[in-house]
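Numbering (the UniProt record's numbering), first residue to last: 1 to 283.
Heads up, the thing below is written out as structure tokens.
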């Protein structure tokens, strides 16, 4: 694999901006391997749209410094990543293991440029999965004040220098204080029945109402519960022949794949969060 940089950039669109960036890359003798861009207009009357860019290109001497200098000069907001740096993930889980194991195994198979450096749980249920792969497992029960529990978890994340927290059916609500430490660095998954079917048994409620779609949404966590920027969604069509158990099985499958896909987009640096509430996903 070539040593490459990945650039995510956004700014007000104008003629020549993409050319400006690609010219700097070419002038330093670097080859562009991937280039994707998108311009968004708020309305048909908007004169200037917002430009979003993702480029992957070869690492060469002095290119990084030259590119960063030019981007700052033109007031272009950007992030520049080294593809040799694997994203350090803390995997949070409660009792259910389906989404947890999907992410865990995809990382272990080398399908994602990431490493799971610790598992945090408020139950002991999934300890054996983590320990079988020599991943540190931290049991943090909810037997203390919320502030104390979250501080303990923050200390764990800080110790492991976490880049991303994945809530793989971690059935605890994180406070604004906790979330503020990891802006756009916490990914959650939930079923598609919200807000219609709330509570401990949404699949039974959905079955009783005769729903025709079972789905899931993965999103970044913000202070607004389950309303953060959406990364990935999917649905499976069902009918009256499906039992509650069938719905739960399908739901587990959809949740697992949607969460894993969202994590993949994040660790491959394919997501730009626009104005704090909407994602541009270069998929």
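C-beta atoms are modelled at their ideal positions from N, C-alpha and C, and glycine is treated no differently.
Beta-carbon proximity list for residue 279, same chain, < 8 Å, skipping 5 on both sides = What you label residue 279 is simply residue 279 of the chain shown in a count that begins at 1. So the qualifying residues of the chain are 220, 229, 230, 231, 271, 272 and 273.
ask   = Under the three-state reduction of DSSP, which class applies to residue 252: helix, strand or coil?
value = The count along the chain shown starts at 1 and reaches residue 252 at position 252. Residue 252: helix per DSSP, three-state reduction.
ask   = Using a beta-carbon distance below 8 Å, is residue 9 in contact with chain D?
value = No chain D is part of this structure, which consists of one protein chain only.
Neighbourhood of residue 242 by C-beta, 8 Å cutoff - its chain only, sequence neighbours within 5 removed = Residue numbering aside, residue 242 sits at position 242 when the chain shown is read from its first letter. So the list reads 207 and 250, once near-sequence residues are dropped.
query = DSSP state of residue 246, grouped into three classes?
reply = Here residue 246 refers to the residue found at position 246 of the chain shown. Residue 246: helix per DSSP, three-state reduction.
task = Take the Cβ of residue 237 as the centre, count every other Cβ of all protein chains shown within 10 Å, and call the residue buried at 16 or more, exposed below.
result = Numbered from 1 along the chain shown, position 237 holds the residue referred to as residue 237. When all chains shown are included, residue 237 counts as exposed.
inquiry  = To test your reading of the DSSP string, which unbroken alpha helix (DSSP H) runs of 4 or more residues are found completely within the region 173-229?
reply    = 176-179 and 202-209
message = In the DSSP output, which residue or residues are listed as bridge partners for residue 121?
response = Counted from its first residue, the chain shown places residue 121 at position 121. DSSP, once it has assigned bridges, lists 93 and 139 as partnering residue 121.
query = Can you pull the DSSP bridge partners for residue 8?
reply = The residue labelled residue 8 in the question sits at position 8 within the chain shown. DSSP, once it has assigned bridges, lists 54 and 79 as partnering residue 8.
request  = Please report how far the alpha carbon of residue 146 lies from the alpha carbon of residue 139, in whole angstroms.
outcome  = Here the question's residue 146 lines up with position 146 in the chain shown. Here the question's residue 139 lines up with position 139 in the chain shown. So the two alpha carbons sit approximately 15 Å from each other.
key: Cut-off 6 Å between Cβ atoms - residues of its own chain near residue 34, not counting five sequence neighbours on either side   = If you number the chain shown from 1, residue 34 lands on position 34. 56, listed in sequence order.
task = To the nearest angstrom, report how far apart residue 247 and residue 254 are at their CA atoms.
result = Indexing the chain shown from 1 puts residue 247 at position 247. Indexing the chain shown from 1 puts residue 254 at position 254. Approximately 10 Å between the Cα atoms of the pair.
inquiry  = Can you list, in chain order, the residues of its chain with a C-beta nearer than 7 Å to that of residue 154? Leave out the 5 residues immediately preceding and following it.
reply    = Reading the chain shown from its first residue, position 154 is the one you call residue 154. Excluding sequence neighbours, residue 154 sits near 178 and 181.
Cβ shell of residue 135 (< 6 Å), same chain only, five flanking positions each side left out = Position 135 of the chain shown holds residue 135. These residues qualify, in order along the chain: 116 and 119.
message = Can you check which of these residues, 190, 191 and 167, is closest to residue 184 by C-alpha distance?
response = Counting from one through the chain shown, the residue named residue 184 turns up at place 184. Among 190, 191 and 167, the Cα nearest to that of residue 184 belongs to 167.
message = For the region 187-194 against the region 157-174, do three or more pairs of beta-carbon atoms, one drawn from each stretch, fall closer than 8 Å, so that the two count as touching?
response = yes
ask   = Can you tell me whether DSSP reads residue 260 as helix, strand or coil?
value = If you number the chain shown from 1, residue 260 lands on position 260. Looking at residue 260 - three-state DSSP - the assignment turns out to be helix.
inquiry  = Please report the distance separating the alpha-carbon of residue 42 from that of residue 127.
reply    = Start at 1 with the first residue of the chain shown, and residue 42 comes out as number 42. Start at 1 with the first residue of the chain shown, and residue 127 comes out as number 127. Distance between the alpha carbons of residue 42 and residue 127: 48 Å.
Beta-carbon separation (whole angstroms), residue 122 vs residue 101, contact threshold 8 Å = Indexing the chain shown from 1 puts residue 122 at position 122. Indexing the chain shown from 1 puts residue 101 at position 101. Between residue 101 and residue 122 the Cβ distance is about 17 Å, and since that is not below 8 Å, they are no contact.
inquiry  = Quick check: residue 85 and residue 5, are their CB atoms within less than 8 Å of each other?
reply    = Translated into the one-based positions of the chain shown, residue 85 becomes position 85. Translated into the one-based positions of the chain shown, residue 5 becomes position 5. No; because the gap between Cβ atoms is not below 8 Å, this pair is not in contact.
request  = Output the boundary residues of the beta strand (DSSP E) element that contains residue 33.
outcome  = Sequence index remark: in the chain shown, residue 33 carries index 33 (1-based). Residues 32-40.
request  = Taking only the alpha-carbon atoms, compute the straight-line gap between residue 25 and residue 31 and give it to the nearest angstrom.
outcome  = Within the chain shown, residue 25 is the residue found at index 25, counting from 1. Within the chain shown, residue 31 is the residue found at index 31, counting from 1. Answer to the nearest angstrom: the Cα atoms are 7 Å apart.
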